[in-house]
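Working notes for the structure below.
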Amino acid sequence: MSLLDALILGVVQGLTEFLPVSSSGHLVLVQALLGVQPDGITFEVFAHVGTLLALLVAYRSTVLRLIRGVWALPQLSRGGPRDRETADDLRLLGLLLLASVPAGLAGILLKPQIDRLFGSVELVGWMLLLTGGLLLVAERRARPAAAPVDPQQAARLSAGQALLMGIGQALAILPGLSRSGTTLSFGLLARLDRADAANFAFLMAIPAIGGAFLLTLVDLAQTGSPLEGTLLVGAAAAAVSGYGAIHALLRLVQRGRLWWFTLYTWAVGAWVLLT
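Going by our numbering, the sequence shown opens with residue 1, and the numbers climb by one from there.
Now the structure itself:
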């Protein structure tokens with residue numbers, strides 16, 4: 001794989017990881033168009049590093065507050081004072097852990113079966129059509145857009161709403177079914193505020209992508225693959241494009257423009273199935 005191939009695949013990974021169009025599906029398609037096969041699991045690891053870095057930078061304030069909440073747990077367990085901010089931080093952390101359970105179980109129990117599906121371009125086409133349908137229904141059922149809120153306000157979710165979004169994330173293990181699109185759609189269908197649904201969907205991605213990174217890192221350590229320039233280029237491209245995609249999607253969600261992605265995913269899905 002050349003540096004240009006790595007750059008293109010990194011940009012595609014960063015954009016499609018967060019825009020509701022399916023990163024797994026687009027990587028399968030772009031690899032086929034370029035006629036390249038990335039360096040196996042090694043490229044996947046470094047692409048995840050890039051997208052994870054984009055998330056951590058975009059939500060750095062919230063992540064730091066969550067870390068402070070965890071740091072305060074020993075003191076709270078000894079009966080120390082608990083302020084409202086710390087309580088909200090711990091509640092948000094608990095909701096994120098709850099939402100991560102379905103995808104975690106699916107990833108562990110179904111990984112061999114899911115891996116076999118990633119070579120099916122036809123499945124990608126059908127799942128892209130399903131992604132578009134979910135986005136359209138969610139946009140039509142969503143509450144009116146409100147003023148943007150602090151990501152920490154996602155702690156207002158109920159446990160049931162968080163679990164529903166977690167189930168959506170588990171379903172998105174299928175190639176072609178967008179993780180961000182599915183979780184966001186499930187949140188909007190659960191009547192969450194647009195900003196709360198979008199922010200929680202992105203925050204959910206931190207443990208999801210981090211967990212996937214750790215699993216593939218174990219495999220990478222076993223193969224002993226060397227560090228190459230193409231991997232660093234791919235990671236950097238994924239980080240920069242991913243950061244831009246996060247902010248772009250937040251604005252589009254607030255403006256009620258998710259249906260744009262319905263048109264795109266339906267067009268690409270139909271093209272895949274008809275060619």
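Beta carbons are placed, not taken as given, at the ideal position from N, Cα and C, and that holds for glycine.
These numbers were taken from a predicted model, which means no experiment stands behind them.
Backbone CA spacing between residue i and residue j [nearest angstrom]
| i | j | result |
| --- | --- | --- |
| residue 349 | residue 103 | Because the chain is modelled from 1 through 275, residue 349 falls outside the range shown and cannot be assessed. |
| residue 32 | residue 105 | 30 Å |
| residue 109 | residue 269 | 28 Å |
| residue 91 | residue 175 | 32 Å |
| residue 228 | residue 18 | 26 Å |
| residue 14 | residue 7 | 11 Å |
| residue 59 | residue 29 | 30 Å |
| residue 140 | residue 212 | 32 Å |
| residue 51 | residue 133 | 26 Å |
| residue 157 | residue 87 | 14 Å |
Environment of residue i [buried if 16+ CB atoms lie within 10 Å]
| i | result |
| --- | --- |
| residue 12 | buried |
| residue 230 | buried |
| residue 282 | Nothing about residue 282 can be read from this structure; the chain reaches only from 1 to 275. |
| residue 65 | buried |
| residue 263 | exposed |
| residue 265 | buried |
| residue 84 | exposed |
| residue 275 | exposed |
| residue 247 | exposed |
| residue 194 | buried |
| residue 237 | buried |
| residue 172 | buried |
| residue 122 | exposed |
| residue 164 | buried |
| residue 10 | buried |
| residue 242 | buried |
| residue 209 | buried |
| residue 214 | exposed |
| residue 23 | buried |
| residue 178 | buried |
| residue 185 | buried |
| residue 253 | buried |
| residue 233 | buried |
CB contact flag (residue i, residue j, <8 Å)
| i | j | result |
| --- | --- | --- |
| residue 249 | residue 198 | yes |
| residue 216 | residue 49 | no |
| residue 96 | residue 204 | yes |
| residue 100 | residue 207 | yes |
| residue 69 | residue 93 | yes |
| residue 162 | residue 180 | no |
| residue 136 | residue 271 | no |
| residue 4 | residue 125 | no |
| residue 182 | residue 160 | no |
| residue 191 | residue 143 | yes |
Return the chain-ordered ranges of every alpha helix (DSSP H) run that is complete within the region 177–250 and spans a minimum of 4 residues. 179–189 and 194–223
Fully enclosed by the region 44–122, which alpha helix (DSSP H) runs are 4 residues long or longer? 60–71, 73–77, 84–109 and 111–117
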